[in-house]
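Undergrad: Chains as they are written, first to last, in the working numbering: chain R, 1 to 153; chain S, 1001 to 1157.
Ideal Cβ positions, reconstructed from N, Cα and C, are used throughout, including at glycine.
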Amino acid sequence: MNELERINRNTEQHFINKPAGNLTSLEIYDAYGAMAYGIILQIIPQPHLAQEVLISVFSSPQLQSCNSYPFTFAVCIIKLARAKAVEAKRKLMAASLPAFEISNEAADKSPQQIFDLAFCQGFSPEEVAVKLNMSKSEVLRSLHTFFKLHRDA
Amino acid sequence: MNTEEFIKSGILESYLLGLASREEQELVQQRMLDDPEISAYVSGFEKDILHFFDAKAVSPPQDVREIVLLRSKKGSTHKKKHVFSRNPKQEKNNPGAYLEVEVSDTYMKVHKYWRTAFITVFILSKIFLIAGLYYYFKSSSQEQELIRLKSQIQQQK
């Protein structure tokens, strides 16, 4: 199951912070376009490709499912932008390279590196754990540490 | 796993970033329903995550907004289905219910059958052109032959 399917499935459940009223694509773009573009650029540094992905995010039918997303709009946009960017990056890498692999140089086990591999490069926590010779729970704990460090900074 | 251990495990971060597996998602959802402390942590983390990514926000070019606007207009136009109103007066009172027609777009969409029709017409035009040229040259050569034969007969007389 990919990220986009997960988002769609998540919309079926309702928990907290349900937004009041449906927003249009343009309203969502005005509110979160810059944030989404920043996320996409972290994953795909080429501006022209990043802009194509950004357009696909805000013209995607999945965007409307954010109206019924159980969390805030921002979280839904973050997930959607990341999922679209990682999908585009995978296609790009598949076209240029035989496999989408973590480079062997990535031996750093810092929370920043783990966040980069998991969020920006699109690897699952299991894949990151295997590559860095860690357990999956350590990878997840590093994500917690990463955000804790940013919160405290 | 108690609440603190659950929070420190990083599973909530993984869930909100879209990295969690289906089982982990279900576990988080269940714990959020059962434990208000976890729900409160998630709400706080949502704000943190927003601050984190807002700090890395980059303003996209203005053209991108225009394209999003055009696509969203197109999307909403395509999604609208015509509904027959039982009361025509209602339609008169509500002119906004009509589909919007784009006038600024320089492109035109046609049915895909037009491609086949165009290719057929193109091929037929080429066949007729070749046939026309063939019969033109053939008739002119026959005319010359006829003149030649006529002159031969006249010489024999």
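#1: Count the CB pairs spanning the segment 1021-1041 of chain S and the segment 50-62 of chain R that are closer than 8 angstroms, and state whether there are at least three.
#2: Measure the CB-CB distance between Gly-1010(S) and Ser-110(R) and report whether it falls below 8 angstroms.
#3: Report the three-state DSSP secondary structure of Ala-1020(S) (helix, strand or coil).
#4: Can you tell which of Ile-1147(S), Phe-1045(S), Glu-1145(S) has its C-alpha closest to the C-alpha of Thr-145(R)?
#5: Measure the CB-CB distance between Ala-34(R) and Pro-1061(S) and report whether it falls below 8 angstroms.
#6: Please name the residue in Asp-108(R), Arg-82(R), Ile-114(R), Ala-94(R) whose C-alpha comes closest to that of Leu-1016(S).
#7: Below 7 angstroms on C-beta distance, what does Phe-1053(S) contact in chain R?
#8: For Pro-125(R), which residues of its own chain have a beta-carbon under 7 angstroms away from its beta-carbon, when the five flanking residues on both sides are left out?
#9: For the alpha helix (DSSP H) holding Gln-121(R), just list the boundary residues, first then last.
#10: Whose C-alpha, out of Val-130(R), Ala-85(R), Ile-78(R), Leu-149(R), is nearest the C-alpha of His-48(R)?
#11: Of the residues that make up the segment 115-145 of chain R, which ones have a beta carbon closer than 8 angstroms to any beta carbon in chain S?
#12: Assign Gly-1096(S) to one of two classes, buried (16 or more other C-beta atoms within 10 Å of its C-beta) or exposed (fewer than that).
#13: Can you tell me which of Arg-151(R), Met-134(R), Tyr-32(R), Val-128(R) puts its alpha carbon nearest to the alpha carbon of Leu-63(R)?
#14: Apply the 10 Å Cβ neighbour rule to Leu-1019(S) and answer buried if 16 or more other Cβ atoms are within range, or exposed otherwise.
#15: Would Val-1083(S) be called buried (16 or more neighbouring beta carbons within 10 Å of its own) or exposed?
#16: Roughly how many angstroms separate the alpha carbons of Asp-1063(S) and Gln-51(R), rounded to a whole number?
#17: For Leu-26(R), go through chain S and note every residue whose CB falls closer than 8 angstroms to its CB, in chain order.
#18: Below 8 angstroms between beta carbons: does that hold for Glu-1026(S) and Ser-1014(S)?
#19: I want to see whether chain R comes within less than 8 angstroms of Pro-1036(S), judged by CB atoms only; does it?
#20: Could you please give the first and the last residue of the uninterrupted alpha helix (DSSP H) stretch that includes Tyr-1041(S)?
TA: By the coordinates alone:
#1: no
#2: no
#3: coil
#4: Phe-1045(S)
#5: no
#6: Arg-82(R)
#7: Met-35, Gly-38, Ile-39, Ile-78
#8: Ala-118, Lys-136, Val-139, Leu-140
#9: It is not in any alpha helix (DSSP H) - Gln-121(R) carries neither H nor E in the DSSP assignment.
#10: Ala-85(R)
#11: Ala-118, Phe-119, Ser-124, Pro-125, Ser-137, Val-139, Leu-140, Arg-141, Ser-142, Leu-143, His-144, Thr-145
#12: The predicted position of Gly-1096(S) is uncertain, since its pLDDT is 48 and thus under 50; a value taken from the coordinates is nonetheless stated next. Exposed, because fewer than 16 other Cβ atoms sit within 10 Å of the Cβ of Gly-1096(S).
#13: Tyr-32(R)
#14: buried
#15: Bear in mind that the predicted position of Val-1083(S) carries a pLDDT of just 46, short of 50, making it too unreliable to give a figure here.
#16: 10 angstroms
#17: Arg-1065, Val-1068, Leu-1069, Ser-1072
#18: no
#19: no
#20: 1036-1055
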